[in-house]
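Add 297 to a position in the sequence shown, counting from 1, and you land on the number used in our numbering. All remarks here apply to the structure that follows.
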Amino acid sequence: MNKKNLRFIRWVILAVILVYITFAAYLHQTAEGTYPSIHALCPYGGLESLYALLFSGSFIKKIFTGTMVLLVLSVLITFLFRRSFCGLICPFGSLQEFFALLGQKIFGRRFNMPEIIDKPLRNLKYLILLLTLGFAWYTGSLWMSPYDPYSAYGHLSAGLETLMEESLIGFILLIVTIVGSLLYDRFFCKYLCPAGAFYGLLAKLSPYKIIRNDEQCIHCQICNKACPMNIKVDQEIVITSSECINCNECLNVCPKKDVLTPKLNKKSLSTAVVLLLSLGIFFGGISLAKASGIYTVTPAPVTSGSIQSVEQIKGSMTLEEVAKGLNINIDELYEKVGIPKTVPANTKLKDLSQYVDGVTPETVREKLENK
């Protein structure tokens, strides 16, 4: 398969995954409970939840077994092919690359951050990684959601007013990410992404690398210009940078044969094989997990008495579901929560504030716990 076709196939794959995630996020907002949240479809949510599980003994809300499966598969890919998840699968990464293409059309070029700013900024994502894991353990929740631009993207269909109320900082960072990517490409990946920092650290253990044949290289620097992470490929003999997202752009644009060669240990691979194996492991693993019944990304239906703790009560549940889950009369629930019976029983907890000021899922849990 020629290099041009491989580049096209990669773009198609990234586009399909981005469209799927975008549509799933829209359906979650319009038919919540039936479709997974954007958090449940993000491997990094699994990492936060794993850390919370190890230190507090429980999963983070909105994270399910399927999310943990995504984490395991993305880690496996990272051990084998470095940050292939970032370069070949991640929808938020592809969103940035598509805006980078648009930016190149608008400005006629791609800008590079001055090195004196670029280097220290690249370390920022490691600090964010530590903060997200630390607070995930401390709070036992997806505390970062209001500040997460990926979460804000997944909640765009909820409307601007909801975004401004619930994810103002995340929405601002989403705008910063898009504008930044118009100018610098993979802006969030380079400077702010805690998942990228995590995969970058794991990638140091991978036997995968790209070897450059300096004798054959004509130093045209086309590879440098194609790299969305601004790695100076033509200055390295062995490319193992933790910044490399293994998108294979440098390999696919190189005008000379056998200058850049991907290798797993000492075995040479083609970019097509790396692409197929990465996708096969990830999506094949999801299929196997689904077939075995361990892949769940939506909450189980509420049944009588299924809510054993107020911590299990979610904002997406209706008043009817909460009463059913607690195995109490709906009138008793209204009395305990302190809301008028004129509020429809099919109202979701997160929408209660539309009827009664100051009533949120958190206040409902607090009132039920104290009764």
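Glycine residues also receive a C-beta, built at the ideal position from the N, C-alpha and C atoms.
For residue i, the three-state DSSP class (helix, strand or coil)
i: Leu-561; result: strand
i: Tyr-444; result: helix
i: Phe-352; result: Because the pLDDT at Phe-352 is just 49, under 50, the model does not fix this residue reliably, and the point stays unresolved.
i: Thr-660; result: helix
i: Lys-587; result: helix
i: Ala-597; result: coil
i: Ile-318; result: helix
i: Thr-375; result: helix
i: Ile-636; result: coil
i: Ile-519; result: helix
i: Cys-514; result: coil
i: Asn-545; result: coil
i: Met-461; result: helix
i: Ile-610; result: coil
i: Tyr-341; result: helix
For residue i: DSSP bridge partner residues
i: Ile-507; result: Ile-536, Pro-559
i: Lys-300; result: Beta-bridge pairing links Lys-300 to no other residue.
i: Lys-645; result: Thr-615
Euclidean distance between Cα positions of residue i and residue j
i: Asp-628; j: Thr-362; result: 34 Å
i: Val-550; j: Asn-409; result: 19 Å
i: Tyr-423; j: Leu-574; result: 28 Å
i: Cys-517; j: Asn-302; result: 22 Å
i: Pro-552; j: Phe-468; result: 41 Å
i: Asn-626; j: Thr-644; result: 16 Å
i: Phe-395; j: Lys-487; result: 16 Å
i: Pro-504; j: Arg-380; result: 12 Å
i: Gly-602; j: Leu-623; result: 5 Å
i: Cys-490; j: Gly-390; result: 10 Å
i: Gly-635; j: Val-372; result: 46 Å
i: Gln-532; j: Met-365; result: 38 Å
i: Pro-559; j: Arg-509; result: 9 Å
i: Phe-352; j: Gly-497; result: Note that Phe-352 scores 49 on pLDDT, short of 50, meaning its location in the model is unreliable; the coordinates nonetheless yield the value given after this. Taking the straight line from one Cα to the other gives about 24 Å.
i: Gly-493; j: Ala-500; result: 10 Å
i: Val-570; j: Tyr-450; result: 32 Å
i: Ala-328; j: Ala-597; result: 15 Å
i: Gln-651; j: Leu-368; result: 37 Å
i: Phe-404; j: Ile-310; result: 26 Å
i: Glu-463; j: Asp-648; result: 12 Å
i: Thr-657; j: Leu-557; result: 56 Å
i: Phe-495; j: Lys-664; result: 39 Å
i: Ile-386; j: Leu-576; result: 8 Å
i: Val-619; j: Lys-611; result: 9 Å
i: Ala-523; j: Glu-659; result: 48 Å
i: Thr-676; j: Asp-555; result: Given a span of 298 to 668 for the chain in the structure shown, any question on residue 676 remains unanswerable.
i: Asn-420; j: Thr-429; result: 15 Å
Next on the checklist: Contact between the stretch 321-339 and the stretch 535-546 is defined here as three or more beta-carbon pairs at a separation below 8 Å; is this criterion met?
Outcome noted: no
Checklist entry - Using 8 Å as the threshold, is the stretch 315-322 in touch with the stretch 565-582, meaning 3 or more CB pairs across them? => result no
TODO: Mind the definition here: the stretch 520-530 touches the stretch 476-486 only if three or more C-beta pairs lie below 8 Å; say whether that holds.
DONE: Judged by Cβ distances under 8 Å, the stretch 520-530 makes contact with the stretch 476-486, as three or more pairs qualify.
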